[in-house]
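Be aware that the sequence shown starts at 174, since it is given in this note's numbering, and climbs by one per residue. Here a beta-carbon is modelled for each residue, glycine too, at the ideal position from N, C-alpha and C.
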Amino acid sequence: MLTVMKPITTSVFTFADLIHGGYVYVDKTARLYDLVRPYKGVYFLSRPRRFGKSLTISTLEAIFQSRRELFQGLALDATDYDWKPYPVIRIDLGSKQAWDAAGLKHSLSLAVNQAAQRHGIDLPADEPHHLFESLVTTLGRHEKVVILIDEYDKPILGNIENPAVGEILQVLKAFYSVVKTCDAQIRFALLTGVSKFSRVSVFSDLNNLVDLTMDTRYADMLGYTQTELERNFAPHIDHVAAQRSCTPGEVLDQMRQWYNGYRFSKAETCVYNPVSVGRFLDTGELSNYWFETGT
Numbered sequence: 174m175l176t177v178m179k180p181i182t183t184s185v186f187t188f189a190d191l192i193h194g195g196y197v198y199v200d201k202t203a204r205l206y207d208l209v210r211p212y213k214g215v216y217f218l219s220r221p222r223r224f225g226k227s228l229t230i231s232t233l234e235a236i237f238q239s240r241r242e243l244f245q246g247l248a249l250d251a252t253d254y255d256w257k258p259y260p261v262i263r264i265d266l267g268s269k270q271a272w273d274a275a276g277l278k279h280s281l282s283l284a285v286n287q288a289a290q291r292h293g294i295d296l297p298a299d300e301p302h303h304l305f306e307s308l309v310t311t312l313g314r315h316e317k318v319v320i321l322i323d324e325y326d327k328p329i330l331g332n333i334e335n336p337a338v339g340e341i342l343q344v345l346k347a348f349y350s351v352v353k354t355c356d357a358q359i360r361f362a363l364l365t366g367v368s369k370f371s372r373v374s375v376f377s378d379l380n381n382l383v384d385l386t387m388d389t390r391y392a393d394m395l396g397y398t399q400t401e402l403e404r405n406f407a408p409h410i411d412h413v414a415a416q417r418s419c420t421p422g423e424v425l426d427q428m429r430q431w432y433n434g435y436r437f438s439k440a441e442t443c444v445y446n447p448v449s450v451g452r453f454l455d456t457g458e459l460s461n462y463w464f465e466t467g468t
């Protein structure tokens, strides 16, 4: 019987598009269930770039929007999760670069207003942290709110050597403090980035933030374990083996040597970088794909 190979993508970061497109999806929803099941959770997660953070944010958005049809056959669909819909505020700072405090305030205000418009809300002109707080409290009058912030640190990373970085940090600190100020209105929050800055900087006011970065329970929530690699990509591995005139076992050995170098806890759990895996299985050529993708 001919095994059909699902297509692999390393450029689709929207969960619904991944599912509708019939692409390979390595099911991480059992881990996400552990996050979304409790009555409340406010989390932070740092992972390297191109490691699945944006897809994780998109998947959580679909969960809290109660788009259960997207999860048919996945682990979450077989749990007791209640699928109650919540208003979601999703903010992606990946494209919100700024070189001074004024520019960052403009970018943050734009991001909050875009999020508000998705809920049919018009906000008056104000400082970005006031806009953010107003949006949370407005939505929170009817139902607790979900906050998803991707690439929280992008405005900082582009300004490490900028003399204005101190002012930029203060703007971000005020903005993120809303997650603490509006705690009573929040059902769930997750902030992701590539860096883990000290709690004395942008997160100093967020003493309710649970850091998942080196939490053993979530060490494999992003990236692929050896078992996931062999289970989800077996046809692709066989195909590459035929291309390279070697055995599937030899392909796995090569992949392990090149791409299985990440550990996010003190446990022995290792994971592969998703982009490197996807590009290698697509091209059949070993290369430093993660490095080549740039920042």
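Could you please give the first and the last residue of the uninterrupted beta strand (DSSP E) stretch that includes Ala189?
First-last for Ala189: Phe188 to His193, but that is the alpha helix (DSSP H), not the beta strand (DSSP E).
Along the chain, which unbroken stretches of the beta strand (DSSP E) at least 3 residues long are found entirely within the stretch 338 to 388?
359 to 366
Tell me where the alpha helix (DSSP H) around Ile230 begins and ends.
Lys226 to Phe237
Here's the rule: buried if 16 or more other CB atoms are within 10 angstroms of the residue's CB, otherwise exposed. What is Thr365?
buried
Sheet register partners of Ile333 (DSSP bridge)
DSSP lists no partner for Ile333.
What did DSSP end up calling Val319 once you bin it into helix, strand or coil?
strand
In DSSP terms, what Ser219 is bridged to:
Gly366
Going by the CB atoms, is the gap between Asp265 and Asp190 shorter than 8 Å?
no
Secondary structure at Ile181, three-state DSSP: helix, strand or coil?
coil
In the DSSP assignment, what residue or residues form a beta bridge with Gly214?
Phe361
Quick one: Cα of Gly276 to Cα of Glu403, how far?
47 Å
Suppose contacts are defined by Cβ-Cβ distances below 8 Å. Is Lys213 in contact with Gly195 by that definition?
no
If we count the other Cβ atoms within 10 Å of its Cβ and call it buried at 16 or more, is Ile333 buried or exposed?
exposed
Span of the beta strand (DSSP E) around Asp265
Val261 to Asp265
Pick from Ser268, Val444 and Ile262 that is closest to His292, judged by C-alpha positions:
Ile262
Apart from the five residues on each side of it in sequence, which residues of its chain come closer than 7 Å, Cβ to Cβ, to Gln358?
Val309, Thr310, Gly313, Lys317 and Val318
Count the other CB atoms within 10 Å of the CB of Ser280; is the residue buried (16 or more) or exposed (fewer)?
buried
Determine the burial state of Lys257: buried for a count of at least 16 other Cβ atoms within 10 Å of its Cβ, exposed for fewer.
exposed
Go ahead and pull the three-state DSSP assignment for Val197.
coil
Is the Cβ-Cβ distance between Val448 and Thr183 less than 8 Å?
yes
Rounded C-beta distance between Leu379 and Val338? I'm assuming under 8 Å.
The Cβ separation is near 20 Å, so there is no contact.
Return the Cβ separation of Asp247 and Phe188 in integer angstroms, given the expectation that the two are a contact with Cβ distance under 8 Å.
Reading the sequence as shown, one finds Leu at residue 247 and not Asp. Actually they are not in contact, since the Cβ atoms of Leu247 and Phe188 sit about 10 Å apart, beyond 8 Å.
Taking only three categories from DSSP, how would you classify Thr468?
Low local confidence applies: a pLDDT of 49 at Thr468 is under 50, so the model's placement there is unreliable, and no value is given.
Please name the residue in Asp388, Val383, Glu340 and Leu208 whose C-alpha comes closest to that of Asp273.
Glu340
Could you name the residues of the same chain whose beta carbon sits closer than 8 Å to that of Leu283, not counting the 5 residues immediately before and after it, in chain order?
Lys269
Gln416 to Asp200 span [Cα, whole Å]
27 Å
Could you spell out the range, first to last residue, of the alpha helix (DSSP H) harbouring Phe305?
Pro301 to Gly313
Tyr206 in three-state terms, based on DSSP
helix
Three-state secondary structure assigned by DSSP to Tyr254
coil
Report buried or exposed for Arg220, applying the criterion of at least 16 other Cβ atoms within 10 angstroms of its Cβ.
buried
Using C-beta distances below 8 Å, list every residue in its chain close to Ser374, excluding the 5 sequence neighbours before and after it, in chain order.
Leu342 and Lys346
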